Amino acid sequence: MKYTEPYIVSFPTGKFAFDANTHYRPMLQHGIEITREIARHETAMGQHVIIYDTTYLGRAIYIDGSLQSTQKDNFAYREMLTHVPMQILIASYRSNPSNVLVIGGGDGGVVAEVLKYPFIEGVVWQDLDEEVVNIYSTYMPERQALHDSRVDFVQGDATLNLRVRDNSIDLVLIDGVDPVQGASLYNSSFYNEVKRVMTSDAILATMTGTIWPDAYMYSLTSEAIADCFNDQAYYWAVQGSCTPGTIGFLLAGSIYLPAKVILEDTYVPLGLKYYNARVHNAAFAMPDCFKKTETLVPPQNGGYNE
18 MKYTEPYIVS
28 FPTGKFAFDA
38 NTHYRPMLQH
48 GIEITREIAR
58 HETAMGQHVI
68 IYDTTYLGRA
78 IYIDGSLQST
88 QKDNFAYREM
98 LTHVPMQILI
108 ASYRSNPSNV
118 LVIGGGDGGV
128 VAEVLKYPFI
138 EGVVWQDLDE
148 EVVNIYSTYM
158 PERQALHDSR
168 VDFVQGDATL
178 NLRVRDNSID
188 LVLIDGVDPV
198 QGASLYNSSF
208 YNEVKRVMTS
218 DAILATMTGT
228 IWPDAYMYSL
238 TSEAIADCFN
248 DQAYYWAVQG
258 SCTPGTIGFL
268 LAGSIYLPAK
278 VILEDTYVPL
288 GLKYYNARVH
298 NAAFAMPDCF
308 KKTETLVPPQ
318 NGGYNE
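Every number in the working numbering is 17 more than the matching position in the sequence shown, counting from 1.
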């Protein structure tokens, strides 16, 4: 089913926006209080984008009825997706990784985090819909880095045509949709294509939902990665605007991934709000209730979109 906007529900305290796509988490929902609708757009590729002002999180952008980004707390997600693998590369394998591939991430936040490292020589940023990128540039301009000379933006479906030469990328960051069954960014054929462009000791990092309560999201991603890479590691972060309050990530590589590394002596950009060495090491610790095969909230339809 195709959704175009979130559900808006009025309570005595105000209006709240809820994700319209509830198929894979039907009994656990998370509302964000909105104050007004700023604008809405339908792109030529058929994506429906709505921008709201919210009470506590600044502007919030929904695409096809699902929350994509907020101004006030998205830094946790983009910092952890970017700096955890970057710091492992710096501390463990080489002094300065130089070439990065970002897949998705239309808001530009992950690309902006990558460019905080002065030794980065080039970023290939491939996103499905350039209109969405331009919408973010208008309504969340603080994240955009399109005009940096190191950025090569490519519009296109990375699952169909990954426009990067072989063995040229040190770090791959996948900032896409939720990993549900049928999502083309989370299957072994796509990961094999990504592996083609990676150097022998490169790292891939991708969002993967949370082990608890979203065990099925983790399992889909982990199984596909295991078909293509020799090692993987799960880590997580806290982000209030996410439905379970946390967000999970997977690292993957063809060589052993030393997840916990001593970071105090490596280069970390100034001005980060969430990431630091202590958070890095703690992010790989799992509470006992985090089980890879256990789901707190049973998913509808096996946990997958219709």
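Where a beta carbon is used, it is the ideal one built from N, C-alpha and C, also for glycine.
Owing to the predicted nature of the structure, the values given are computational and were not obtained by experimental measurement.
DSSP lists I78 as the beta-bridge partner residues of S86. Rounded to whole angstroms, the Cβ separation of L237 and Y203 is 6 Å, and the two are in contact under 8 Å. Proximity of the segment 180-195 to the segment 207-226 meets the contact definition, three or more beta-carbon pairs being nearer than 8 Å. Counting only the Cα atoms, M234 lies some 24 Å from D146. Taking every protein chain shown into account, the CB of T30 has fewer than 16 other CB atoms within 10 angstroms, so this residue is exposed. Only residues of its own chain outside the window of five on either side were considered, and among them I49, T87, Q88, K89, D90, S258 have a CB closer than 7 Å to the CB of L74, listed in chain order. Residue pairing for V119: DSSP places it in a beta bridge opposite W142, L190. Per the coordinates, the alpha-carbon of G123 lies some 14 Å from the alpha-carbon of I68.
Here DSSP, grouped into helix, strand and coil, assigns S154 to helix. Going by DSSP, F92 is part of the alpha helix (DSSP H) stretching over 91-105.
Taking C-beta atoms as the reference points, I264 and Y94 count as a pair closer than 9 Å. When DSSP assignments are scanned along the segment 191-245, the uninterrupted stretches of beta strand (DSSP E) that are 3 or more residues long and fall wholly within it turn out to be 215-224.
Residue environment for N116: buried (at least 16 other C-beta atoms within 10 angstroms of its C-beta).
The bridge partners DSSP lists for T71 are I51. Boundaries of the beta strand (DSSP E) harbouring V168: 168-172, taken from the DSSP string. With respect to the C-alpha of A37, the residue from Q85, T72, T52 having the closest C-alpha is Q85.
The Cβ neighbour count for R180, taken over all protein chains shown within 10 Å, is under 16; the residue is labelled exposed.
Judged by DSSP secondary structure, A34 falls within the beta strand (DSSP E) whose first and last residues are 31-35.
Membership of A269 in the beta strand (DSSP E) is indicated by the continuous run 263-270. H164 and P286 have their C-alpha atoms some 20 Å from each other. In this structure, DSSP gives S109 a helical state, which the three-state scheme calls helix. Taken through DSSP and simplified to helix, strand or coil, R57 comes out as strand.
Burial state of P23 is buried, judged by a 10 Å Cβ sphere holding 16 or more other Cβ atoms.
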